[in-house]
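Enquirer:
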Amino acid sequence: MVTLEDSLVIEAAEAEVVELYRSATPVVLLIEGRPGPDAQAVACALRRDGRYLVYVALHLRNTNRALIYAIDQVAGGLPAFAAALQKANDFCGEMGFRMEPVGLRYSAAMREVILRQVPVLFPPQEAQKLALDRAAEIADLEQLVAELGAEETPAGQERIQNADQQIEARQLRNARAAAARAAARKLAGEKRLDEQVQALRRGVEKYLVEINAPEAAATENAERDHLLATLTTAQQRTAQLEGALQSLQEEVQAGRSERQK
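Given below as C-alpha cells:
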C-alpha cells in the first residue's frame, strides 16, 4: 500500500540510501480541473536494520514543503524490494512524472554531494532540527504579531513631556508596527504554502486510490473470506452444540420414562 507519512522530509543517513530516482521535469497536477502547484518527484529506497524502506516525495519547487508517501515497507528479499521500488516509480508515472535514476556509485564524498542536492532528503538529526526550527519560527511570528499588532493604549503609560522623547516613542511604535506587518506577511506566505501542499495532496488522492485499488481489493477479499470461514466455523459449532443438546434431552427423557416404569 502507498500511504501518506506525517513527515516534512525523508530521513536517511547517507549510507542507507541504495536507490534514488528524480523526475526529469516538474509537473503541474490538475486539482479539481484547475492547474495546481508546480511539483517534482523523488523516489528513494533505503536499507535500514535489515529492511528495505521505499518512499516517494512530492516537492513543491522553490519551497521547503513536500508530501512524503511510504511504499510497502519490505522485510523480504530483493524481489519484494524491486516490486516496491517499481510501485514507487509507477505511482510517480501515473501522475505524469518521468523518473530518471540518480547515479550513486561514487566515492563517499561524491555521494554526499549528490544526496545533498536532493531537497527532501535529510540526515535524521538535520531533519529533526528542520522540523523544530520551522515550528519555532511559526510560534515566534505568531507571538510577534499578537504582541505588536495591537495598538498601544495610553492607559498605564507615563505621559511624555519632552519632544525628543515623543519622537523616539513614535519611531519605536513605527518600528514595532513595521515588525508586526512583516511578521504578518511572513505568516500569510507560510499559510499560502500550506494551502498549496493541501491542494497538492487533494490532487494526488485519485492516483493514490488507483494504485492502492488492487491491494485494497485483495485485503477486502481476504477479510471477507476470513469472515465467511469464521461464520462457517460458528455454524458448525452451533450445529454440534444443538446435536449435543438434543442427545442430552433424549437421554433425560429416556431416564424419566425408565423411572415411570
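The opening position of the sequence shown corresponds to residue 52 in the numbering used here, with each subsequent residue numbered one higher. Each residue gets a CB set at the ideal place from its N, CA and C atoms; glycine is no exception.
Considering only C-alpha positions, which residue in the set R243, L166, N113, T289 is nearest to C95?
Expert: Reading the sequence shown from its first residue, position 44 is the one you call residue 95. Out of R243, L166, N113, T289, L166 has the C-alpha closest to the C-alpha of C95.
Enquirer: Taking three-plus beta-carbon pairs below 8 Å as touching, is the stretch 54-68 in contact with the stretch 176-191?
Expert: yes
Enquirer: Just tell me which of M52, A235, S308 has its CA closest to the CA of Q137.
Expert: Here residue 137 refers to the residue found at position 86 when the sequence shown is read from its first residue. If we check each option's Cα against that of Q137, M52 comes out closest.
Enquirer: Ignore the nearest five residues each way along the sequence and tell me which others in V248's own chain have a CB closer than 6 Å to its CB.
Expert: For the purposes of this step, residue 248 is taken as the residue at position 197 of the sequence shown. Same-chain partners within the cutoff: R116.
Enquirer: According to DSSP, simplified to helix, strand and coil, what is R98?
Expert: Looking up residue 98 in the sequence shown gives position 47. R98 falls in the strand class under three-state DSSP.
Enquirer: Can you round the beta-carbon distance between L55 and Y120 to whole angstroms, since I take them to be within the 8 Å contact cut?
Expert: Here residue 55 refers to the residue found at position 4 when the sequence shown is read from its first residue. Here residue 120 refers to the residue found at position 69 when the sequence shown is read from its first residue. Contact flag correct, Cβ pair sits at about 6 Å.
Enquirer: Which whole-angstrom value describes the C-beta separation of A160 and V105, a residue pair presumed to lie in contact below a C-beta threshold of 8 Å?
Expert: Indexing the sequence shown from 1 puts residue 160 at position 109. Indexing the sequence shown from 1 puts residue 105 at position 54. Between V105 and A160 the Cβ distance is about 26 Å, and since that is not below 8 Å, they are no contact.
Enquirer: Is it true that the CB of E67 sits closer than 8 Å to the CB of R162?
Expert: Residue 162 sits at position 111 when you count from the first residue of the sequence shown. Residue 67 sits at position 16 when you count from the first residue of the sequence shown. No, the Cβ-Cβ distance between R162 and E67 is not below 8 Å.
Enquirer: By how many angstroms is the C-alpha of T281 removed from the C-alpha of R73?
Expert: For the purposes of this step, residue 73 is identified with residue 22 of the sequence shown, where counting begins at 1. For the purposes of this step, residue 281 is identified with residue 230 of the sequence shown, where counting begins at 1. Looking at the two C-alpha atoms, the distance is approximately 47 Å.
Enquirer: DSSP beta-bridge partners for A92?
Expert: Counted from its first residue, the sequence shown places residue 92 at position 41. Beta-bridge pairing links A92 to L109.
Enquirer: Have a look at E293 and I82 and give me their C-alpha separation to the nearest angstrom.
Expert: To locate residue 293, count along the sequence shown from 1; it is residue 242. To locate residue 82, count along the sequence shown from 1; it is residue 31. Rounded to the nearest angstrom, the two C-alpha atoms are 59 Å apart.
Enquirer: Which residue from Y103, A131, M146 puts its Cα closest to that of T76?
Expert: Locating residue 76 in the sequence shown gives position 25, counting from the first residue. Residue M146 is the option with its Cα nearest to T76.
Enquirer: From A190 to Q286, what does the alpha carbon distance come to, in whole angstroms?
Expert: For the purposes of this step, residue 190 is taken as the residue at position 139 of the sequence shown. For the purposes of this step, residue 286 is taken as the residue at position 235 of the sequence shown. Rounded to the nearest angstrom, the two C-alpha atoms are 60 Å apart.
Enquirer: Does the CB of A159 have a neighbour CB from chain D at under 8 Å?
Expert: No chain D appears in this structure, which consists of one protein chain only.
Enquirer: Closest to A149 by CA distance: which of Q300, V93, G254 is it?
Expert: Your numbering for residue 149 matches position 98 in the sequence shown. It should be pointed out that residue 149 corresponds to Arg in this sequence rather than to Ala. Across the set Q300, V93, G254, the C-alpha of V93 shows the shortest separation from the C-alpha of R149.
Enquirer: Tell me P175's beta-bridge partners as DSSP assigns them.
Expert: What you label residue 175 is simply residue 124 of the sequence shown in a count that begins at 1. Answer by DSSP bridge pairing: none, since P175 is not bridged.
Enquirer: Under 8 Å by Cβ, that's how I've got A230 and L195 pegged, so tell me the actual separation to the nearest angstrom.
Expert: Taking the first residue of the sequence shown as 1, we reach residue 230 at position 179. Taking the first residue of the sequence shown as 1, we reach residue 195 at position 144. With 8 Å as the limit, A230 and L195 qualify as a contact, their Cβ atoms being about 6 Å apart.
Enquirer: Hey, quick one: how far does the beta strand (DSSP E) through E151 stretch, first residue to last?
Expert: By 1-based counting over the sequence shown, the position of residue 151 is 100. Counting along the chain, the beta strand (DSSP E) containing E151 begins and ends at 150-152.
Enquirer: Comparing C-alpha positions only, which one of A220, V169, D123, V171 sits nearest to I262?
Expert: Against the sequence shown, residue 262 aligns to sequence position 211. It is D123 whose Cα lies nearest to the Cα of I262.
Enquirer: Could you compute how far the alpha carbon of V255 sits from the alpha carbon of A290?
Expert: As a working note, residue 255 is residue 204 in the sequence shown. As a working note, residue 290 is residue 239 in the sequence shown. Going from the Cα of V255 to the Cα of A290 covers about 51 Å.
Enquirer: Comparing alpha-carbon positions, which option in R307, A305, E301, L251 lies nearest G84?
Expert: For the purposes of this step, residue 84 is identified with residue 33 of the sequence shown, where counting begins at 1. Of the candidates R307, A305, E301, L251, the one whose C-alpha sits nearest the C-alpha of G84 is L251.
Enquirer: Tell me whether V303 is buried or exposed, calling it buried when 16 or more other Cβ atoms sit within 10 Å of its Cβ.
Expert: Your numbering for residue 303 matches position 252 in the sequence shown. Its Cβ having fewer than 16 others within 10 Å, V303 is exposed.
Enquirer: Out of V260, L296, R288, R253, state which residue places its alpha-carbon closest to the alpha-carbon of P86.
Expert: Numbered from its first residue, the sequence shown carries residue 86 at position 35. Comparing Cα positions, the closest option is R253.
Enquirer: Tell me, please, which residues DSSP counts as bridged to E70.
Expert: For the purposes of this step, residue 70 is identified with residue 19 of the sequence shown, where counting begins at 1. Bridge partners of E70: A96.
Enquirer: Tell me the DSSP secondary structure of A206 in three-state form.
Expert: As a first step, residue 206 is located in the sequence shown; it is residue number 155 there, counting from the start. Residue placement at A206 cannot be trusted, given a pLDDT of 46 that sits under 50; the coordinates are not used to answer.
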